[in-house]
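Reading through the C-alpha cells given below for one structure.
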Amino acid sequence: MKMPVCEEPMEIIFTDDDLPYEEEILRNPYSVKHWLRYIDHKKSASKEAINIIYERSLKELPGSYKLWYNYLKLRRKQIKTRCVIDPAYESVNNAFERSLVFMHKMPRIWMDYCTFLTDQCKITRTRKVFDRALRALPITQHHRIWPLYLKFVQKHDIPETAVRIFRRYLKLCPENAEQYVEYLTKINRLDESAQTLAKIVNNEHFVSQEGKSNHQLWNELCELISKNPRKVRSLNVDAIIRGGLRRYTDQLGHLWNSLADYYVRSGLFDRARDIYEEAIQTVTTVRDFTQVFDAYAQFEEISLNKRNEEICKIKNPTEEDEVDLELRLARFENLMERRLLLLNSVLLRQNPHNVQEWHNRVKLYEGNPHEIINTYTEAVQTVKAKLAVGKLHTLWVEFAKFYETNKQIEDARLIFEKGTQVEYLKVDDLAAVWCEWTEMEIRSENYEGALKLMHKATVIPSRKVHYHDDKETVQARLYKSLKVWSLYADLEESFGTFKSCKAVYDRIIDLRIATPQIIINYGLFLEENNYFEEAFRAYEKGISLFKWPNVYDIWNTYLHKFLKRYGGTKLERARDLFEQCLENCPAKFVKPLYLLYAKLEEEHGMARHAMAVYERATGAVLPEEMFEIFNIYIKRAAEIYGVPKTRQIYEKAIEVLQEDKTREMCLRFSEMETKLGEIDRARAIYAHCSQICDPRVTAEFWQVWKEFEVRHGNEDTMREMLRIKRSVQAMYNTQVNMMSAQMLNTAGSTGTVADLAPGVKDGMRLLEAKAVEMSGVKGGNIMFVRGETQGESRGEKERVTNPDEINIDDDDEDDDDDAEDDDDDNVPITKQAIPSEVFCGLKPDDEDD
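In this note's numbering, the protein residues as written are 1174 to 2022.
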C-alpha cells in the first residue's frame, strides 16, 4: 500500500526558546520522550507549527502509537467546528490512512477513524473502512468494532445493507439475535423477524441478553405473528401457538387469545369462533377461562355491532341481512347464558371428583330433566370414593330423589340399590344411603318395604368383622352402624310389633353400640307398654355399659321412673339404687341426686336418714354448690327438728365454707340466735366472724355488729366490739407490712417503693391493697391471730391462743385491765366518737369521750 503524502508545508519556524529542544532532537531523533517534550513546549503555538513537529516526529518514528494517537486526536480537535464538506476533513482522513499503514493492528485507531467517517455521513466509504477494520484486526478484537458498525447501519436508511451486516454479526455473536429482531421489526420486515424469533424460542440454550425468559419470548412471538397475519407468511402460526399451549400451561388464556386474534385479523371469523370454543372447553383455570371468555364475548359483540352498523347504512336491507343479524345476536346471547355452565365445566376439569361442583351443575340445568339425568349419570361414574372432595353418597341420594320427585319410584329404587353397592370410605356414608332409601319408602307409604330394607341392612356377616377395620368393606361393617339401628328401632316402634321392637333394642345392646339416649328410649318404650320391670332391667343394662359422666342421664331417668312407679313401697331397693349411683358419682353431678335421695327419705323414710343424706351432700358437692346445700340442709332441719337443731349445721358450715360464704353464714347464725334471745351466743358469733373481716373491706359486717350492740348491748360490749375491731385492723396492718417487706426484698435492687407503683403518690397503698388480696382465707379455714401454744388440746390439734384475745365470756374483767392491755399494745389505735344514745344518758369518762 502506497503511503499518502503529507499535505502540510514543511516550513520550520524556530525561535530562541526552541533551540534546546531542537538540540535534544538532533542528538536523539528516535526518542519519543524528547519529541513529546518538544510538542508540549509548543502547545501554545499555532496549529501549523504543532502539526509540523508531529509530522517530523512521525517521519522519524512512524511506528509510535502514542505519537499517532495524539496527532490524530489533535487534528480532529482542530476541525471540530468546521463543516463536514470542508477540505480539512479530507486532510484528516488522509492522516488516518497514513497512520493505518503502521497502526493497522490497533483497534482504537480503527474505531476513531470509523467514528470520524460516520460523522461525515460517507456511507459507502465508512462501510468499506469498517470491513477493512474487521479484516485487519484479529477476531478477538471484533467485539470492539461491531457495536460501532451496527450503530452506523441503523443510523442510515439502508435496510438491505443493514440486514446483511446483521447476518454477518450474528455468525459471531448469535446471542444478540434479539437486537436483530428488534431492528427487523423496526424496518417492518416482520416475516424475517418472526423467523428469527422462532429460532430463538426453539433454541433451549439461548440466553437473553436483555434478561427475558423463554416464556416472554414466546409471548412476543405470539403477539408478533397474531397481529400481523398478512406479513408473516413463512411460519405455521397455528402450529407455533399450539406448541406454546403444550409447553406453557400456565398461560393458556393468553396463547388461545393470540391464536384466535390471528384468525380474526386474517378475516377467518368462523375459524376464530371455533378457536374460542375450543379454548373454553379445554382451559382448566378460572383465570384462563375469564381471559378467553371476555375476549370471546368482545369478539361477538364487536361482530354484532359491526354488522348492525352495516345494515343500518343500507336503505332497504334484505331478509338475509336481518337473518344474519338475528343469528349474531342469538350467538351472543347464548354465549352469555352459558357462562355459568362453562365456568362450572372449568372447575370440574380442575377436579372431576368435586362433589359440590356436580351438584352446582345440576342446579344450572334446572328445568331440563334430560341434562340433569345425564349430569348425575356422568357424576356417579366419574367421582371415585377415594378421591372424592365432599360426600359421594349425596350424589346417589339426590339422583334417586330426582326420580322420586318425578314419581318414578322404581327408578329411584334402582338408583338406591346401586348406591348401596358403592365402596365408600366411611360406614356413615353407606348408612345414609340406606336411611334415605328407607325414608323414601316411608314417604311412599310402603312400610313393609321399609322394614325389610332395615332388616337387610342390619344383617350380621357370617364372619367376625371389626367396625373400625379399614381393610374391610363398608358393606361388611354396616351391621354396627348406630344410624341404621336407630332408624330400625324407630320403624319397629311405629310399624312393628312389641316383640320385634324389643328384639331390635336388645340386639343394639348386645352389639354394644347403644348410646344413653337409646337406653332411655328403650326404657320409655317398655314403660309405654306397661313392662316396667323390663324397663328397669334395660336401664340397668345401660348402666353397665357406660361410665360417668355418660351414665348420668340413664341414672337420672331410672331413679325418677323408679320413684314414680314404686314411691316408698320398695324403700330398701330404692336406697340400694341411690347408694350404687352415688358410689362413683363425680362431684359435678351429685347435687340433684342427693336432693332426690333426701326427698325420698323425707317422704317415705326416716327424718334422721334424710338429715344423714343432707350431711353427706355437704361434703360431696362442689365447693361453689356447698353454700346452697347448707341452706337447704338448715331449712329442712329447722322444719323437722326445730331451729335449735340447726346450730350444729351452722357451726359446720362456718368451718368448711369459703370466706365470703362463711361471713354470710355467721350473720344468719347470729340473727337466728338473736331471734331466739341468745344475745351472748350471737355476740360470740360476731366476735368469731370478726377475725376474717378486715374493717377496710367488710365495713357492712362491722356496721351490722354495731347496730346489734346498739339494740342489745351496753357501754362495755360496745367498747369490747371497738377493741376487737382495732385489734383485727392492727392484725391486717401487720400482715400488710410483712408482705410489703417481702415484696420489697423480692424486688431487690431493682427500684424503690415508688418504683413499684409509678404514677401513684403513695406507693404503700398499692402494696397494702396487694397484701389484702394475698391474705384472703380459702375454703372456710378461718385464720385467727395466734400466740403461744397452750397445754390444753382439742381433738388431735393443739389449741393456740392469742395473748391479746379478749374472753367475751368473762364479765368480771374491768376497764382498768383493758386500759393496761391497750397501753401494752404498741399498735396505734384510732379513737372514734360513740353516740351518746349508746350510754342511755350515762355520762362517759373523759378518756373515752
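The beta-carbon is built from N, C-alpha and C at its ideal position, and this holds for glycine as well.
From residue i to residue j, what does the alpha carbon distance come to, in whole angstroms?
i     : j     : result
V1632 : Y1538 : 39 Å
H1628 : E1706 : 28 Å
K1564 : E1492 : 55 Å
G1715 : I1693 : 8 Å
K1359 : H1388 : 22 Å
L1651 : G1740 : 43 Å
V1724 : L1626 : 32 Å
C1866 : V1901 : 8 Å
F1325 : A1350 : 18 Å
E1880 : N1887 : 12 Å
L1477 : H1566 : 46 Å
T1974 : R1781 : With a pLDDT of only 40 at T1974, under 50, the local geometry of the prediction cannot be trusted, and the value read off the model is given with reservation. Whole-angstrom Cα-Cα distance: 37 Å.
V1556 : W1610 : 21 Å
A1367 : L1521 : 38 Å
E1752 : H1641 : 37 Å
Q2074 : R1501 : One cannot answer for residue 2074 here, as it falls past the ends of the chain, which runs 1174 to 2022.
E1745 : T1646 : 51 Å
V1553 : A1503 : 34 Å
Y1770 : N1804 : 17 Å
T1742 : Y1678 : 30 Å
E1450 : E1621 : 53 Å
E1483 : G1440 : 17 Å
W1878 : K1825 : 22 Å
D1189 : H1207 : 17 Å
D1292 : R1271 : 20 Å
S2009 : R1856 : Reliability of the predicted coordinates at S2009 is poor, the pLDDT of 49 falling under 50, and the value obtained from them is presented with this limitation in mind. Rounded to the nearest angstrom, the two C-alpha atoms are 21 Å apart.
N1481 : A1558 : 53 Å
V1883 : E1844 : 15 Å
I'd like to know whether the C-beta atoms of residue i and residue j end up nearer to each other than 8 Å.
i     : j     : result
V1786 : E1774 : yes
R1836 : F1874 : yes
L1310 : P1332 : no
L1245 : A1222 : no
V1535 : T1548 : yes
I1212 : I1198 : no
W1283 : I1318 : yes
T1759 : W1721 : Residue identity check: residue 1759 is Pro in the sequence provided, not Thr. Yes, these two residues count as a Cβ contact at 8 Å.
R1298 : L1307 : no
Q1464 : N1430 : yes
Q1831 : P1796 : yes
L1370 : E1393 : yes
K1220 : Q1251 : yes
V1265 : S1237 : no
N1409 : L1363 : no
Quick check on the burial criterion: 16 or more other C-beta atoms within 10 angstroms. Buried or exposed for residue i?
i     : result
Y1814 : exposed
A1794 : As written in the sequence, residue 1794 is Val, which differs from the Ala given in the question. With 16 or more Cβ atoms within 10 Å of its Cβ, V1794 is classed as buried.
C1754 : buried
N1699 : Going by the sequence as given, residue 1699 is Leu instead of Asn. Classification of L1699: buried, given that the 10 Å Cβ count is 16 or more.
L1849 : exposed
C1395 : buried
S1717 : exposed
R1899 : buried
R1586 : buried
G1778 : buried
Q1424 : buried
P1320 : exposed
M1509 : exposed
I1258 : exposed
Which whole-angstrom value describes the C-beta separation of residue i and residue j, a residue pair presumed to lie in contact below a C-beta threshold of 8 Å?
i     : j     : result
A1604 : V1657 : 5 Å
I1802 : Y1823 : Not a contact, Cβ separation roughly 14 Å.
I1686 : L1655 : 5 Å
L1568 : C1608 : In fact, because the Cβ distance is near 16 Å, the residues do not count as touching under 8 Å.
Y1421 : L1428 : 7 Å
L1432 : I1448 : 5 Å
I1373 : L1390 : 6 Å
I1727 : Y1712 : 6 Å
Less than 7 Å between the CB of residue i and some heavy atom of the ligand NAP, yes or no?
i     : result
L1307 : The model depicted lacks the ligand NAP and carries no ligand whatsoever.
Query raised in the report: Are the stretch 1374-1390 and the stretch 1400-1407 touching, with three or more C-beta to C-beta distances below 8 Å?
Result: no
Counting pairs of Cβ atoms below 8 Å between the stretch 1658-1666 and the stretch 1674-1683, do you hit three or more?
yes
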